[in-house]
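Numbering (the numbering used here), first residue to last: 2 to 255. For reference, the structure discussed in these notes is given below.
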């Protein structure tokens with residue numbers, strides 16, 4: 002039985018100061034839980050205002066129902082011990098929905114007012130949308146050139162409009178599908194998670210195809226990894242549940 006990863010543990014169980022130091026030093030999140038804590042710490046500056054809530058499920062009827070089935074990979078048998086439990090899935094989906102609401106709320110009201118001298122800090126320079134090689138370095142770094150990877154954070158995600166978010170998910174889907182890709186790295190998992198959190202619903206058919214491609218790759222890795230670590234398995238299951246259940250691409254094949 003997998004240990005529950007979500008909801009995020011309370012402050013008494015987490016070294017929040019250590020997370021703050023890692024944020025200040027530019028280190029990437031160690032796992033999805035730390036990423037969620039970072040989002041919550043960044044959100045502390047959001048004013049306490051009331052905004053209207055939009056139920057994302059009311060758009061489900063607008064999504065295309067003519068989607069191809071995933072039998073080509075969904076029929077692969079998965080060992081029972083690698084599958085997440087129903088409670089784990091429910092907690093994960095609830096926490097993911099909460100993160101999306103937080104992102105939408107900050108996008109509506111804007112971040113806290115800039116302070117003098119912080120303009121450069123508040124905005125991150127990013128590659129051109131078409132510069133795939135530049136995005137590889139941006140996401141994962143380039144050790145030989147001493148270029149550090151860039152972890153996702155809330156202000157950075159809000160720089161990405163929906164066109165760029167969809168293009169970046171396309172890149173990640175293609176990279177995951179590479180023949181040499183046999184495992185899901187922590188940085189890759191956190192970035193895919195963050196981009197899916199930034200993605201608006203309902204999704205266009207072409208975007209749904211990208212999400213299915215990510216789901217297909219993660220599903221295959223989960224089936225074929227010989228001795229996956231708990232961290233690897235948890236990251237794969239998180240993306241499978243979000244892509245499959247939250248974005249409706251699984252079609253009950255589990």
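Note that CB positions come from ideal geometry on N, CA and C, so glycine has one too.
Note that the C-beta distance between residue 174 and residue 125 is not below 9 Å.
Rounded to the nearest angstrom, the Cβ distance from residue 247 to residue 94 is 6 Å, consistent with a contact under 8 Å. The beta-carbon distance between residue 20 and residue 35, rounded to whole angstroms, is 6 Å. This is short enough to meet the 8 Å contact definition.
In this chain, residue 161 is not harboured by any alpha helix (DSSP H), its DSSP state being neither H nor E. Residue 97 and residue 219 have their C-alpha atoms some 18 Å from each other. The residue among 87, 22 and 222 with its C-alpha nearest the C-alpha of residue 79 is 222. Going by C-alpha positions, residue 23 is about 30 Å away from residue 131. Each of 103, 207, 193 and 231 was checked against the Cα of residue 240, and the nearest Cα belongs to 193.
With a minimum length of 4 residues, the unbroken runs of alpha helix (DSSP H) contained wholly in the segment 219 to 249 fall at 231 to 242. Exposed is the label assigned to residue 206, since fewer than 16 other Cβ atoms lie within 10 Å of its Cβ. If you ignore the 5 residues before and after residue 101, its C-beta comes within less than 6 Å of the C-beta of 198, all in its own chain and listed in chain order.
Taking the Cα positions, residue 129 is about 16 Å away from residue 141. Here residue 144 is exposed: its Cβ has fewer than 16 other Cβ atoms, across all protein chains shown, within 10 Å. Of the candidates 187, 242, 195 and 135, 187 places its Cα closest to the Cα of residue 233. By the Cβ-count criterion, residue 184 is exposed, with fewer than 16 other Cβ atoms from all chains shown falling within 10 Å of its own Cβ. When the Cα atoms are used, residue 108 and residue 243 turn out to be separated by approximately 22 Å. Around the beta-carbon of residue 250, 16 or more other beta-carbon atoms lie within 10 Å, marking it buried. Counting the other CB atoms within 10 Å of its CB gives residue 215 a total of 16 or more, which places it among the buried residues.
It is roughly 8 Å from the alpha-carbon of residue 182 to the alpha-carbon of residue 176. Spanning the alpha carbons of residue 27 and residue 151 requires a straight line of approximately 8 Å. Residue 169 and residue 81 have their C-alpha atoms roughly 33 Å apart. Around the beta carbon of residue 245, 16 or more other beta carbons sit within 10 angstroms, so the residue counts as buried. In this structure, the alpha-carbon of residue 153 lies about 7 Å from that of residue 195. Here residue 204 is buried, its C-beta having at least 16 other C-beta atoms within 10 Å.
Secondary structure note for residue 103: its alpha helix (DSSP H) is the uninterrupted segment 87 to 110.
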